[in-house]
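Accompanying notes for the structure given below.
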Amino acid sequence: MGKPFLIVDHLEKPTWELSKETKNIGQYTCFKATFSRPVTNQIFDSESDSLVEVIEDRLVTAWYTIDIPLAHGPSEYWGLPGLILEISDGKSTILCSKVVLNPEKGIAIEAPKKGKRVSQIEFDQIQEEKTQEMMERFQSSNRRDDNNKVKIRIGG
248 MGKPFLIVDH LEKPTWELSK ETKNIGQYTC FKATFSRPVT NQIFDSESDS LVEVIEDRLV
308 TAWYTIDIPL AHGPSEYWGL PGLILEISDG KSTILCSKVV LNPEKGIAIE APKKGKRVSQ
368 IEFDQIQEEK TQEMMERFQS SNRRDDNNKV KIRIGG
């Protein structure tokens with residue numbers, strides 16, 4: 248897209264269901280937590296010959312350790328009584344393979360200041376529009392013959 252954006256938004260806290268089930272990840276004992284979230288998918292409907300939006304519940308499973316009492320995790324997942332070391336949403340899994348704790352060194356993380364201020368939803372819409380524009384430009388720049396075949400000419 249070319250220009251910087253500053254996404255200012257908040258994360259919804261998932262309604263976690265805590266379990267007593269445990270497993271080890273590295274040297275840490277982790278506890279299982281789950282929640283269900285609605286996900287909108289597009290599927291092709293052959294009867295109407297179009298894409299149809301379908302809302303499905305997706306089970307998210309997290310494994311967190313109370314040995315590191317930080318309520319954080321990857322992506323938008325947070326709010327448990329310990330650091331999330333593994334998260335799976337049924338489509339992908341993120342696993343923390345190494346934790347390096349160095350409490351003697353203070354790390355100052357500064358929030359970015361440059362960029363157009365937008366919410367995550369606004370950014371997603373802009374990104375979708377720009378992707379669509381790019382696809383339309385690409386399609387209109389292709390040379391097509393009478394049979395709608397794409398011709399690619401190299402060197403002239």
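This note's numbering applies: residue 248 is where the sequence shown begins, and numbers increase by one.
All C-beta atoms, glycine included, are put in the ideal place defined by N, C-alpha and C.
Just so we're clear, the structure is a prediction, and the values are computed from it rather than from any experiment.
In whole angstroms, what separates the C-alpha of residue i from that of residue j?
i           : j           : result
residue 331 : residue 302 : 27 Å
residue 283 : residue 254 : 26 Å
residue 356 : residue 343 : 21 Å
residue 319 : residue 339 : 18 Å
residue 387 : residue 380 : 11 Å
residue 266 : residue 278 : 7 Å
residue 251 : residue 362 : 5 Å
residue 290 : residue 305 : 16 Å
residue 360 : residue 366 : 15 Å
residue 349 : residue 276 : 20 Å
residue 335 : residue 288 : 18 Å
residue 377 : residue 299 : 22 Å
residue 383 : residue 364 : 27 Å
residue 258 : residue 370 : 15 Å
residue 351 : residue 385 : 53 Å
residue 268 : residue 314 : 16 Å
residue 204 : residue 341 : Because the chain here runs from 248 to 403, residue 204 falls outside it and cannot be looked at.
State the CB to CB distance for the pair residue i and residue j, rounded to an integer number of angstroms; the pair is presumed to be in contact (CB under 8 Å).
i           : j           : result
residue 324 : residue 261 : 7 Å
residue 316 : residue 329 : 6 Å
residue 281 : residue 308 : 5 Å
residue 263 : residue 326 : 6 Å
Looking at the unbroken beta strand (DSSP E) that takes in residue i, where does it start and where does it end?
i           : result
residue 343 : Note, residue 343: premise wrong, no beta strand (DSSP E); not H, not E.
residue 288 : 275-292
residue 258 : No beta strand (DSSP E) holds residue 258; DSSP gives it neither H nor E.
residue 311 : 297-312
residue 271 : 264-272
residue 331 : 330-335
residue 363 : 363-365
Compute the distance between the beta-carbons of residue i and residue j, then report whether it is under 9 Å.
i           : j           : result
residue 345 : residue 273 : yes
residue 368 : residue 296 : no
residue 294 : residue 310 : no
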